[in-house]
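Undergrad: Shown below is the structure under consideration.
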Amino acid sequence: MTVEATPPATSSTEPKFYYPPQALVENSNIMAYAREKGFDNVDDLYVWTIEHAEQFWSEMATRYLDWFQPWDQVLDASEAPFYKWFTGGKTNIVHNAVDRHANGANRDKVAIIFESEQGETTNYTYAELAREVNRFANVLKAQGVQQGDRVTIYLSRVPQLLFAMLAVTKIGAMHSVVYGGFSTDALHSRIMDAQSKVLITGDGGWMNNKIVELKKITDEAVERSEGVVETVIVFKRTDHDVPMKAGRDLWWHELEAQPGMDEPCATEQMDAEDPLFMLYTSGTTGSPKGLVHTCGGYQVQVAATLSFVFDIKPDDIYWCAADPGWITGHSYIVYGPLILGATEVIYEGAPSYPSPARWWSIVEKYKVSILYTAPTAIRGLMRYGEEHPTKHDLSSLRLLGSVGEPINPEAWRWYHRVIGHGNCPIMDTWWQTETGAFMITPNPTTPLKPGSGTKPFLGIECDVLNEEGLPASESDDGLLVIKKPWPSMLRTIYGDPKRYVQQYWTRLPGFYTAGDAARKDADGYYWVIGRIDDVIKVSGYRLGTAEVESALVSHPAVAEAAAIGLPHEVKGNAIHTYVILRQGYEGSDALADELRKHVGKELGPIARPETVSFVPGLPKTRSGKIMRRVLKARALGLPEGDLSTLEA
Ligand code: WT7
């Protein structure tokens with residue numbers, strides 16, 4: 275099996291485990307639940323949840339959520355792998371995340387602390403949040419948005435992104451959020467697949483003191499989309515001049531000022547299995563997959579995992595530094611923290627603006643107690659040295675988190691020692707856009723090993739299997755599988771149920787294959803090694819080789835292209851590309867640079883290749899498939915492996 279890396283051997287001076295502070299363990303939400311169930315440790319609780327999975331999940335559903343109508347059945351497996359959860363139940367995630375707080379004890383509690391890149395703070399209480407969501411929901415209705423419609427949202431990291439998402443789900447429509455760092459082609463393909471009639475964007479967004487031209491990119495993407503989008507709602511953030519197309523483009527603030535928009539807007543009563551949202555992610559082909567999550571099970575697992583892993587308490591200040599445009603943001607910025615009635619920080623801009631101390635000044639300023647981020651950000655900030663974090667008082671922190679890719683032990687230890695002052699356990703959470711919520715993760719009671727996500731969450735059964743479907747030995751890599759359905763699982767790929775089955779449920783029949791290689795050690799701890807498909811994790815972002823290749827081929831100079839990922843110190847992996855030019859074109863540094871920029875413009879800056887090499891040919895199988903592993907092996911100076919299918 276081709277893998278990205280191997281788990282580090284623990285050196286003799288290294289402690290085997292990092293133990294959590296005893297007070298944290300004793301007072302943790304998960305221990306409280308363990309004791310309620312008659313256990314004095316979480317391992318025994320885990321065993322019980324596996325033996326009583328449906329009971330466990332239904333307890334979570336009532337512990338954390340209100341339902342308009344209770345469910346008849348916890349899990350319906352009659353059409354597996356199209357599993358259904360909490361069937362017959364009626365709910366709306368906005369009731370749980372917003373309405374009940376605004377009408378209850380959390381009314382005047384701050385929900386969102388927004389810090390702009392320029393440093394201004396805007397707070398929204400739960401009552402104010404409810405007003406914003408209500409008003410924008412009325413706007414959407416007035417624009418004709420109905421239950422089941424797909425609304426594309428393309429905004430920067432501003433509170434209005436949350437208001438828009440919550441307004442869409444309040445009225446029973448589906449949002450399809452496209453990350454604000456993506457560009458024309460990525461936005462265009464997602465609009466087309468979702469067939470969104472309404473799109474919400476901004477006149478721009480602030481990043482590194484520069485304007486991200488959201489509206490300009492939107493215009494290009496919408497124009498390519500041949501009349502699919504009828505209405506574009508534009509939030510004014512930067513106030514620089516943007517063209518507004520008559521009959522299509524409308525200002526957010528003008529729509530909200532229309533009469534009647536402050537009237538109460540009903541929160542729709544949804545079936546547990548009605549679609550909640552779709553979110554695109556890269557797979558093995560050029561077209562991104564619209565993963566569909568549903569109204570009931572998703573919120574159950576998101577709420578339970580956030581409470582038990584990040585241990586949210588009423589006075590915590592929680593900060594997940596991801597972008598709401600990714601699943602991390604959907605689950606653990608937008609929905610999870612609000613369901614739990616938490617106070618959270620949202621920071622608009624770049625981590626290094628105006629200095630690499632920006633994040634640490636935010637932690638100090640708002641007394642952040644829980645910080646959740648990605649290994650690439652940690653490695654990036656680590657490079658600037660310890661003087662930035664040590665200038666700031668980080669003593670408010672009690673728990674840290676990591677997500678998106680394996681965290682290398684060096685970055686783990688720096689994060690633990692310098693940011694967490696040696697006593698904040700790191701929750702290294704393994705999950706995917708597909709899983710909706712944490713699957714393999716420590717909790718505050720878990721002894722940690724740097725680089726391991728430790729063990730499956732309560733109620734979750736995983737394993738590492740070889741190609742024959744048998745458990746891999748401790749020293750062997752294998753395929754990471756999930757053995758039983760879970761409430762926040764994806765339900766299908768939008769418009770392509772066959773691809774859902776084929777992609778996730780056929781490699782090892784009966785099991786969900788995640789597309790990751792992993793190892794399980796003698797303590798039962800999981801070590802995720804990396805992707806085994808044509809997905810490259812660049813700074814934790816998931817990009818398909820095929821997407822990069824098709825962006826390259828859309829340039830007139832390019833006949834054929836191949837993209838691979840190679841290790842990179844900060845980004846984890848970086849994209850390297852090989853290009854065969856069309857006749858009449860000559861390879862040069864200038865052309866290589868132009869091609870890199872072209873990919874950046876089409877897909878977004880994160881997809882811009884590190885290198886473009888001009889080659890006369892590409893290694894292919896007899897059926898014409900590019901053998902990326904051969905390119906990779908060559909680039910790394912490794913043996914090229916089995917070449918029997920290589921074209922002569
Ligand atoms: C892939 C999923 C889940 C939100 C962000 C990414 C990798 C994710 C970890 C981790 C090792 C990780 C896997 C996974 N991954 N978290 N803690 N340790 N690898 O979501 O874009 O759907 O990517 O990210 O390869 O399959 P995503």
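In this note's numbering, the protein residues as written are 275 to 922.
Ideal placement from N, C-alpha and C gives every residue a C-beta, glycine not left out.
Please read all numbers here as calculations on a predicted model, not as lab measurements.
#1: Quick one: give me the first and last residue of the beta strand (DSSP E) that W359 is part of.
#2: Cα separation between S430 and E834?
#3: Using a beta-carbon distance below 7 Å, is A495 in contact with chain B?
#4: Closer than 6 Å: is that where the CB of T707 sits relative to any heavy atom of the ligand COA?
#5: Under the rule that 16 or more other beta-carbon atoms within 10 Å means buried, what is M275, buried or exposed?
#6: Assuming E542 and Q343 form a contact by the criterion Cβ under 8 Å, report the distance between their Cβ atoms to the nearest whole angstrom.
#7: Among D317, H369, K772, which residue has its Cα nearest to the Cα of W341?
#8: How is K484 classed by DSSP in three states: helix, strand or coil?
#9: What runs of the alpha helix (DSSP H), each 4 residues or longer, lie entirely inside the stretch 669-751?
#10: Enumerate, from N- to C-terminal direction, the unbroken alpha helix (DSSP H) stretches of 4 or more residues contained entirely within the stretch 353-436.
#11: Below 7 Å between beta carbons: does that hold for A404 and A438?
#12: Going by the C-beta, is G678 closer than 6 Å to any heavy atom of the ligand WT7?
#13: Is T555 near the ligand WT7, with its Cβ less than 6 Å from a heavy atom?
#14: Assuming contact is defined by CB atoms lying nearer than 7 Å, are T399 and D382 in contact in what I supplied?
#15: Hey, quick one: how far does the beta strand (DSSP E) through Y646 stretch, first residue to last?
#16: Are there 16 or more other CB atoms within 10 angstroms of the CB of G418, so buried, or fewer, so exposed?
#17: Give me the Cα-Cα distance between L339 and I367, rounded to the nearest whole angstrom.
#18: Using three-state DSSP, classify V775 as helix, strand or coil.
#19: Can you tell me the Cα-Cα spacing of S726 and E494, whole angstroms?
#20: Any heavy atom of the ligand WT7 closer than 6 Å to the Cβ of W704?
#21: Going by beta carbon distance, what residues of the same chain come within less than 6 Å of A837, once the five residues before and after it are set aside?
#22: Could you please give the first and the last residue of the uninterrupted beta strand (DSSP E) stretch that includes W525?
#23: Could you say which of K794, Q777, G861 lies nearest to L932 if we only look at CA atoms?
#24: What do you reckon, is the C-beta of I613 under 6 Å from a heavy atom of the ligand WT7?
#25: On a Cα-Cα basis, can you pick out the residue from G752, T492, P761 that is closest to I734?
#26: Which residues does DSSP pair with V755 in a beta bridge?
TA: Looking at the atomic coordinates:
#1: As a position in the sequence shown, residue 359 is number 85, starting the count at 1. 358-361 is the extent of the beta strand (DSSP E) around W359.
#2: In the sequence shown, residue 430 corresponds to position 156, counting from 1. In the sequence shown, residue 834 corresponds to position 560, counting from 1. Each residue's CA atom was taken as its position, placing S430 and E834 some 34 Å apart.
#3: Going by chain labels, chain B is absent from the structure shown, which holds only one protein chain.
#4: For the ligand COA, the structure offers nothing, since it holds only the ligand WT7.
#5: Taking the sequence shown and counting its residues from 1, one reaches residue 275 at position 1. Here the model assigns M275 a pLDDT of 42, short of 50, so the residue's position is not dependable, and the following value carries that caveat. Label assigned to M275: exposed.
#6: By one-based count along the sequence shown, residue 542 stands at place 268. By one-based count along the sequence shown, residue 343 stands at place 69. No, E542 and Q343 are not in contact; Cβ-Cβ is about 13 Å, not under 8 Å.
#7: Residue numbering aside, residue 341 sits at position 67 when the sequence shown is read from its first letter. Closest option to W341, Cα to Cα, is H369.
#8: Locating residue 484 in the sequence shown gives position 210, counting from the first residue. Three-state result, K484: strand.
#9: Entirely contained in the stretch 669-751, the alpha helix (DSSP H) runs reaching 4 residues are, in chain order, 683-688.
#10: The stretch 353-436 contains these whole alpha helix (DSSP H) runs: 400-416.
#11: Position 130 of the sequence shown, counting from 1, holds the residue named residue 404. Position 164 of the sequence shown, counting from 1, holds the residue named residue 438. The criterion of a C-beta distance shorter than 7 Å is not satisfied by A404 and A438.
#12: Walking along the sequence shown from the start, residue 678 turns up at place 404. G678 Cβ: within cutoff of the ligand WT7.
#13: The residue labelled residue 555 in the question sits at position 281 within the sequence shown. Yes.
#14: Position 125 of the sequence shown, counting from 1, holds the residue named residue 399. Position 108 of the sequence shown, counting from 1, holds the residue named residue 382. Yes; because the gap between Cβ atoms is below 7 Å, this pair is in contact.
#15: Here residue 646 refers to the residue found at position 372 of the sequence shown. 644-647 is the span of the beta strand (DSSP E), which, as asked, contains Y646.
#16: Counted from its first residue, the sequence shown places residue 418 at position 144. Its Cβ having fewer than 16 others within 10 Å, G418 is exposed.
#17: Within the sequence shown, numbered from 1, the residue matching residue 339 stands at position 65. Within the sequence shown, numbered from 1, the residue matching residue 367 stands at position 93. About 9 Å.
#18: Along the sequence shown, read from residue 1 onward, the residue named residue 775 stands at position 501. V775 falls in the helix class under three-state DSSP.
#19: Within the sequence shown, residue 726 is the residue found at index 452, counting from 1. Within the sequence shown, residue 494 is the residue found at index 220, counting from 1. Roughly 43 Å between the two C-alpha positions.
#20: Walking along the sequence shown from the start, residue 704 turns up at place 430. At least one heavy atom of the ligand WT7 is nearer than 6 Å to the Cβ of W704, so yes.
#21: By 1-based counting over the sequence shown, the position of residue 837 is 563. Cβ within range, chain order: T819, V822, E823, I849, T851.
#22: To locate residue 525, count along the sequence shown from 1; it is residue 251. Bounds of the beta strand (DSSP E) holding W525 are 523-525.
#23: Since the first and last residues shown for the chain are 275 and 922, residue 932 lies out of range.
#24: As a first step, residue 613 must be located in the sequence shown, where it is residue number 339. Not under cutoff, so the answer is no.
#25: As a first step, residue 734 must be located in the sequence shown, where it is residue number 460. When only C-alpha atoms are compared, the closest one is P761.
#26: Against the sequence shown, residue 755 aligns to sequence position 481. Note: V755 sits in a beta bridge opposite D737, T787.
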